[in-house]
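Remarks on the structure that follows.
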């Protein structure tokens, strides 16, 4: 059964295969960035650089390291089944004014070859207790107003629609179970 884990070099091959599935507009969703560097797919093919990338992604959650201006700490988790990389969840610890309007606390991404299998719902559901442990309750999630799939994922997790802003639907999702 797929689970959320800290980024790991054990899924390198599958991560790179997933990255190769993406078109240019989806490249930003791979989470191949740290506070101070962004990695290209070519760089990530090098095992040493991939390990550096994994370490940098994990370091973004370390609140003892100040982030650059207008950036917040983020816990990135990868959704894996064994050594198969399926997707990722990003939990932002705080919200900047831009994230409050358009981004929210939690973002998720499923690789193209694994879509339409319920993985986004599983990832979001598994991420909510982690968000609660970070002191986030409720969590803000957003999606494009025409993204019916993401809307259903958020609603399935208990999301309540607050409003629409700039073409984005804004939902509040409880992170703590009652």
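Numbering (the numbering used here), first residue to last: 86 to 263. All C-beta atoms in this analysis are idealised placements derived from N, C-alpha and C, irrespective of residue type, glycine included. None of these values were measured; they are calculated from a predicted model.
- Around the beta carbon of residue 247, a 10 Å sphere encloses fewer than 16 other beta carbons of the protein chains shown; the residue is thus reported as exposed.
- Remark: C-beta atoms of residue 187 and residue 157 do not approach each other more closely than 8 Å.
- Approximately 5 Å separates the beta-carbon atoms of residue 189 and residue 226; this is inside 8 Å, confirming the contact.
- Here residue 173 is near residue 162, since their CB atoms are less than 8 Å apart.
- DSSP, read as helix, strand or coil, puts residue 249 in strand.
- Inclusion of residue 160 and residue 219 in the CB contact set at 8 Å is warranted, their separation being smaller than that value.
- Within the stretch 131-171, the complete alpha helix (DSSP H) runs of at least 4 residues fall at 132-144.
- Residue pairing of residue 177 in beta bridges, as defined by DSSP: 159.
- Taking 8 Å as the cut-off, the beta carbon of residue 254 is found closer than this to the beta carbon of residue 228.
- Collapsing the DSSP output to three states places residue 224 in a strand.
- When 235, 221 and 170 are compared, the shortest CA-CA separation from residue 104 is found for 170.
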